[in-house]
Amino acid sequence: MAQLAELLDAKLTGDGQCEITGLATLQNAKSGQLSFLSNPSYIGQLKTSQASAILIDEKFIDSCPSNKLVTPIPYVSFAKATALFDNSPMPPMGIHDSASVDPSVVLGKNVSIAANAVIAANVALGDDVVIGAGCYVGESASLGNACKLHSNVTLYHRVVLGKNVVIHSGSVIGADGFGFAFDGAKSVKIHQLGGVKIGDDVEIGAGSTIDRGALEDTEIGNGVKIDNQVQIGHNCKIGDHTIICGCAGIAGSVTIGKNCIMGGGSGVVGHITIADNVQVSAMSLVSQPIPESGMYSTGTIQAKTSLWKRNAIRFQQLDSFAKRLKKIENSTDKKQVN
Amino acid sequence: MAQLAELLDAKLTGDGQCEITGLATLQNAKSGQLSFLSNPSYIGQLKTSQASAILIDEKFIDSCPSNKLVTPIPYVSFAKATALFDNSPMPPMGIHDSASVDPSVVLGKNVSIAANAVIAANVALGDDVVIGAGCYVGESASLGNACKLHSNVTLYHRVVLGKNVVIHSGSVIGADGFGFAFDGAKSVKIHQLGGVKIGDDVEIGAGSTIDRGALEDTEIGNGVKIDNQVQIGHNCKIGDHTIICGCAGIAGSVTIGKNCIMGGGSGVVGHITIADNVQVSAMSLVSQPIPESGMYSTGTIQAKTSLWKRNAIRFQQLDSFAKRLKKIENSTDKKQVN
Amino acid sequence: MAQLAELLDAKLTGDGQCEITGLATLQNAKSGQLSFLSNPSYIGQLKTSQASAILIDEKFIDSCPSNKLVTPIPYVSFAKATALFDNSPMPPMGIHDSASVDPSVVLGKNVSIAANAVIAANVALGDDVVIGAGCYVGESASLGNACKLHSNVTLYHRVVLGKNVVIHSGSVIGADGFGFAFDGAKSVKIHQLGGVKIGDDVEIGAGSTIDRGALEDTEIGNGVKIDNQVQIGHNCKIGDHTIICGCAGIAGSVTIGKNCIMGGGSGVVGHITIADNVQVSAMSLVSQPIPESGMYSTGTIQAKTSLWKRNAIRFQQLDSFAKRLKKIENSTDKKQVN
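Those protein sequence lines, which keep their order, are chains A, B and C.
Using the numbering used here, the letters of the first sequence correspond one by one to residues 5 to 342.
Using the numbering used here, the letters of the second sequence correspond one by one to residues 5 to 342.
Using the numbering used here, the letters of the third sequence correspond one by one to residues 5 to 342.
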C-alpha cells in the first residue's frame with residue numbers, strides 16, 4: 005500500500021505493508037480492497053466497510069477507522085487507481101494478416117491493427133495507435149499518437165483525431181451532415197465538403213455519430229468526453245472539456261462553450277450558441293441561445309399517469325387561465341378602488 | 005390445419021383439411037391464410053375477413069363465421085404460428101474461411117461463424133451458437149447455447165450471455181461505462197473494471213448499447229426484451245422479463261424491477277431504483293425513485309405549435325399564478341368571514 | 005465562371021472569366037470562392053463578403069456589388085454547386101479480394117465492393133452500386149442502380165432498395181421488428197415475416213435503424229431523407245419526400261404522409277397516422293393521430309433550472325388550479341347576479 009500511496013500521490017495513514025488487490029465501493033469492499041469516500045452522505049459506511057484502505061479527504065479522517073490514503077480529491081485518486089488495476093486486454097501486436105492496409109498509409113511506431121480492419125489510402129497513424137477489428141479508416145484520415153479505436157468504428161475520409169483519442173465500437177465520425185435544399189418538388193443534396201477535427205484526450209462512447217461539416221470542419225475541443233449514442237450535427241463546435249451524456253442530440257451549426265455538461269437525452273436545435281459552464285438537465289431541449297452560465301431545464305416532473313393526464317389536459321388551457329385570472333384581479337382591483 | 009391446431013395446442017372448429025400457407029391480419033388475409041383476433045375492437049372484421057382460419061378466444065366464436073382455432077390467448081398462439089412460418093435464412097454451416105477465430109476459443113457443437121467475424125482469445129461459444137458476418141467477440145467472452153449474434157455486433161471482453169440470447173446488428177455490449185472524475189481542469193478516466201452479464205432468453209435490437217460496470221457487472225435479467233437504439237449505462241440491473249422500447253436511455257447505476265415496460269424514448273436519470281411492474285410512458289423522464297408499481301408520465305400533450313406556444317409561455321408564470329390565485333382566495337375568504 | 009453559370013442554369017452578371025475554386029458562406033468566403041444569399045437576413049453581408057461571385061435571387065441584385073449568378077432559388081443552385089466541388093474519394097474499382105461475395109449474387113455493371121464486405125446468396129446489385137468496407141448484405145436483398153452503402157452498413161435478408169439510395173455507416177435495415185406476445189409469464193417472440201422496401205433517391209444517415217415488417221413490408225417512399233440515429237419501427241409507411249431529423253423515433257405501424265418534417269428527437273407512438281405536410285417540432289411527442297397539416301409541438305420552454313423547478317412543481321397542481329379558478333368565477337358571477 006505504501007507503493008500505491010506513492011503512485012497516487014496520497015498520504016498514507018496506517019499499515020503500509022497491507023497488500024491491495026482490487027477496488028470496490030465502501031459497501032461492497034472486501035479485505036484486500038481499496039475504496040474511497042467521495043460523497044459525504046456515505047460517511048456512515050466508513051465504520052462498517054471491510055475495505056483494507058480508503059481514499060479520503062483530510063477533513064473526514066476522524067470518522068474513518070481503516071487504513072487511510074489521504075488526498076484532496078478522493079474521486080480523482082480513485083480514478084487514477086482504476087488505471088493501475090485496469091484489466092482490459094492488451095491490443096494484439098502489429099498488423100493482422102487479414103487487415104487491409106493501403107500501401108500509402110504512414111505508420112507510426114508500435115501500431116496495432118486488428119483482424120479485418122481496413123485502412124484506406126493516405127491515412128496517417130501516429131505512434132502507439134490501436135485499430136480494433138473491423139474498423140474502417142477513410143482516405144487521408146489522420147490519427148495522433150496513442151489513439152485507440154475499439155472494434156467496428158468507422159472514420160470517414162479526412163477525419164483528423166488529435167492525440168490520445170479513444171472511440172468505442174459502432175461510432176461513426178465524418179458521415180455527411182444532413183443538408184438538403186428543397187426545390188419545390190424534391191430535396192437536392194448539399195454535398196458535405198468539410199471534415200471533422202477532434203482535439204486531444206477526447207473519448208467518444210459506443211454508437212455515437214459526429215457529422216462532417218458542410219463547408220468547414222465540425223470541431224470537437226480538447227478533453228471533451230462524449231457518451232454513447234450521442235449525435236452531433238455538421239458544423240458544430242464543442243468547447244474544451246465539455247461533457248455530453250448519453251443519447252444527447254446536437255443539431256447542426258451549434259456552438260457549445262467550454263466545461264459544459266449536456267445531460268442525458270438533452271437536445272439542442274440548430275444554429276444555437278451556448279456559453280461556457282452551462283449545464284443542461286436530462287432530456288431538456290435548448291431552443292434558444294444561452295449566453296449565461298448556469299443550469300437549464302425543460303419538461304415536467306414525473307407523476308402517476310392518471311394524475312399527470314389531468315394536469316396535462318389543463319396545460320392546454322393555461323393561456324385561458326392567465327386571462328381569466330387577470331380578469332378576476334382587475335375586477336377585484338376595481339372593487340377595491342370603488 | 006388439423007396439424008397446425010395440434011402444434012399450436014388449439015381446438016379446431018371447422019375444416020381440418022384446409023391448408024394454411026401463411027399468416028396475415030384479419031383485414032389483409034387472403035384465402036389460405038391464418039389470422040387472429042386479439043383486440044376485441046376488430047371483432048367487426050371477422051365477418052369480412054378472407055382468412056381461411058382464425059385464432060380466437062372461445063368467448064368470441066359466435067361472431068366468427070370462418071374456420072376457428074380456439075385458444076385462450078390468440079396473440080400468443082399467433083406468435084407461436086410465426087415461428088412455424090419463419091422465412092429467415094438458415095445460418096451458414098461451420099466456420100467461414102475468412103473468419104478469424106483464436107486457437108484458444110472453445111467451440112460447442114454445431115457452431116456457425118460467418119465471414120469476417122473475429123473471435124478473440126479464450127472465448128467460449130456454446131452449442132448451436134450463430135455468429136454473424138463482421139461480428140467481434142472480445143477476449144474471454146462467453147455465449148451460452150443457441151445464442152445468435154446478427155451481423156456486425158460487437159461484444160467486448162468478458163461479456164457473458166446466457167442461453168438463447170439474440171442480438172441484432174450494430175449493437176455494442178460491454179463498452180466502457182461513462183465515468184470520469186473532474187480534477188478541476190480535466191476529466192480523469194475511471195477505467196471500467198466490471199463486465200456485463202446477460203441472462204437467458206434475452207433479445208436485444210439493432211444499434212443498442214449496454215455498458216460494462218465500473219467495479220461490478222451490469223446485469224440484464226432473464227427474458228428481458230430490448231428494442232433498437234436503447235442505451236443502458238454502467239452498473240444497471242434490469243429485472244427479469246422487463247421490456248425496454250426503442251430509443252430509451254437508462255443512465256448509470258439504475259435498478260429496474262421485473263416485468264416493467266419502459267416506453268419508447270423514455271429516460272431514467274442515474275442512481276434511481278424502480279419497482280416491479282412499473283410502466284413508463286413514451287418519452288417520459290424518470291428523475292425520482294419509483295417505489296410503487298403503476299404507470300408514470302411526464303411531458304405535455306401535442307397541440308398545434310401556435311396554440312402550444314401560447315400555453316408554454318404561460319408555464320413560465322405558473323408559480324406566479326399559484327400565488328395570485330391563493331391571494332384571491334384569501335381575500336375572498338376574508339370577505340366571507342367579514 | 006461562365007461555365008459554372010451554365011452548369012447551374014443561372015444568369016451571369018459580371019466577370020465571366022473569373023475562376024471559381026471553391027464554395028463558402030458569405031462571411032467566410034475568400035477571393036476565388038462562390039457564395040450564396042438564401043436567407044434575406046444576411047443581406048448586409050453582401051457588401052463586405054470577399055466572395056468572387058454570389059448566387060442570388062433577382063430581387064436582391066441591387067444590394068450585391070460582386071459578380072452575380074442570378075437564379076430563382078439560390079440555395080438549390082448552391083446545392084448543385086456542391087456536387088461540382090465534391091471532394092469525397094472515388095470508390096475503389098471492382099471487387100476487393102477480401103470481400104466475400106456468394107457465387108449466386110447478380111452483379112450489374114461497374115459495381116464496387118470494398119474490402120471485407122460480405123454479400124450473401126441471391127443478392128441482386130444494380131449498375132454502379134457501391135458497397136463500402138465491412139458491409140453485410142443479407143440473402144435475397146436487392147439494390148437498384150447507383151445505390152451506395154458506406155462502410156459497415158448492415159442490410160438483412162430481402163431488404164429492397166430502389167435506385168440511388170445512399171446509406172451511411174452503422175445503419176441497420178431490416179432487423180426484426182419489436183414484437184412479442186406476453187403469455188402471462190414470459191414474452192413469446194413474434195417472428196418478423198415481412199421485409200423492408202425503400203424507394204428511389206432515399207438517403208439514410210449514420211447509425212439509423214429501420215425494422216422489417218411483422219407480416220407485410222415496412223415502406224419508405226421516394227425521396228425520403230433520414231438523418232442519423234433515427235429509429236423506424238416495423239410496419240411503418242413513410243410518405244414521399246418526408247424528412248426525418250436526427251434521433252427521431254417512430255414506433256411500429258405508424259403512417260406518415262408526404263412532405264412532412266419530423267424534428268430532431270421527435271417521437272411518434274405506435275399505430276398513429278399523420279397527414280401530408282405535417283411538421284413536428286424538435287423533441288415533441290405525437291401520441292394522437294394528426295389528420296390535418298400544420299406544425300405540432302409538445303413540451304415546455306427552457307428556463308434556468310431554479311425557475312423551471314418552481315413552475316414544474318406547480319404543473320402538478322394545474323387541475324386543482326382549474327377547479328379553484330372556476331369556483332372563484334362562479335362565486336363572482338353569483339355576486340354579480342345578486
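Don't be surprised by glycine CBs; every beta carbon is placed ideally from N, CA and C.
- Contact annotation for Leu-329 (chain C) against chain A: Phe-325, Arg-328, Leu-329 and Ile-332 [CB-CB distance below 9 Å, chain order].
- Phe-40 (chain B) carries a strand assignment under DSSP once its states are collapsed to helix, strand and coil.
- With respect to the C-alpha of Ile-305 (chain B), the residue from B:Ser-288, B:Ile-224, B:Gln-320 and B:Gly-298 having the closest C-alpha is B:Ser-288.
- Chain-order list of chain A residues neighbouring Lys-229 (chain C): Phe-182, Phe-184, Ser-191 and Lys-193, by C-beta distance under 9 Å.
- In the three-state DSSP reduction, Gln-235 (chain C) falls in the strand class (E or B).
- Judged by their CB atoms, Ala-255 (chain A) and Ala-83 (chain C) are not nearer to each other than the 9 Å cut-off.
- For Ala-316 (chain B), the enclosing alpha helix (DSSP H) stretches over residues 309–319.
- With its beta carbon at least 9 Å from every one in chain C, Cys-264 (chain A) lies outside the interface.
- Spanning the alpha carbons of Asp-280 (chain C) and Ile-247 (chain B) requires a straight line of approximately 32 Å.
- Across the structure, Ile-214 (chain C) and Asn-32 (chain A) are spaced so that their CA atoms are roughly 42 Å apart.
- Within 10 angstroms of the beta-carbon of Asn-71 (chain C) lie 16 or more other beta-carbons, which makes it buried.
- Note that the stretch 193–207 of chain C touches the stretch 226–234 of chain C; at least 3 beta-carbon pairs, one per stretch, sit closer than 8 Å.
- Rounded to the nearest whole angstrom, the C-alpha separation of Ile-177 (chain A) and Val-157 (chain A) is 8 Å.
- Between Gly-142 (chain A) and Pro-93 (chain C), the C-beta spacing is below 9 Å.
- C-alpha of Asp-180 (chain C) to C-alpha of Glu-207 (chain A): approximately 31 Å in a straight line.
- Contact annotation: Ser-285 (chain A) and Ser-270 (chain A) have beta-carbon atoms nearer than 9 Å.
- Secondary structure of Asn-71 (chain C) (DSSP, three-state): strand.
- A residue is called buried when at least 16 other Cβ atoms come within 10 angstroms of its Cβ; Met-5 (chain A) meets this threshold and is buried.
- In the DSSP assignment, Phe-182 (chain B) forms no beta bridge with any residue.
- DSSP lists B:Leu-38 and B:Asn-71 as the beta-bridge partner residues of Ala-57 (chain B).
- DSSP places Ser-81 (chain C) inside the alpha helix (DSSP H), whose first and last residues are 78–88.
- Distance from the CA atom of Cys-240 (chain C) to the CA atom of Leu-73 (chain B), rounded to whole angstroms, is 29 Å.
- An exposed status is given to Glu-10 (chain A), since fewer than 16 other beta-carbon atoms sit within 10 Å of its beta-carbon.
- Restricting attention to B:Arg-162, B:Arg-314, B:Lys-113 and B:Ala-252, the CA atom closest to the CA of Asn-149 (chain B) is found in B:Lys-113.
- For Gln-7 (chain C), the enclosing alpha helix (DSSP H) starts and ends at 6–11.
- Taking a contact as a CB-CB distance under 8 Å, the pair Ala-119 (chain B) and Val-127 (chain C) does not count as one, their CB atoms being some 13 Å apart.
- Gln-7 (chain B) and Leu-88 (chain B) have their C-alpha atoms spaced approximately 12 Å apart.
- Given a length threshold of 3 residues, each whole run of the beta strand (DSSP E) inside the stretch 202–275 of chain B is given here in chain order: 213–215 and 222–224.
- Residues of the stretch 27–45 of chain C with a C-beta less than 9 Å from any C-beta of chain A: Leu-27, Ala-28, Thr-29, Asn-32 and Ser-42, listed in chain order.
- Taking C-beta atoms as the reference points, Thr-259 (chain A) and Ile-276 (chain A) count as a pair closer than 9 Å.
- Under the three-state reduction of DSSP, Ile-47 (chain B) is assigned to helix.
- Of all residues in the stretch 279–290 of chain C, those with a C-beta nearer than 8 Å to a C-beta of chain A are Ala-286 and Met-287, reading in chain order.
- Residues of chain B whose Cβ lies closer than 8 Å to the Cβ of Ala-255 (chain C) are, in chain order, Cys-249, Gly-250, Gly-268 and Ala-286.
- When C-alpha distances from Gly-138 (chain C) are compared across B:Ile-194, B:Ala-14, B:Gln-321 and B:Ser-102, the shortest belongs to B:Ser-102.
- For Lys-15 (chain B), the enclosing beta strand (DSSP E) stretches over residues 15–17.
- A Cβ-Cβ distance of about 21 Å is found for the pair Ser-173 (chain A) and Ser-146 (chain A), leaving them out of contact under the 8 Å criterion.
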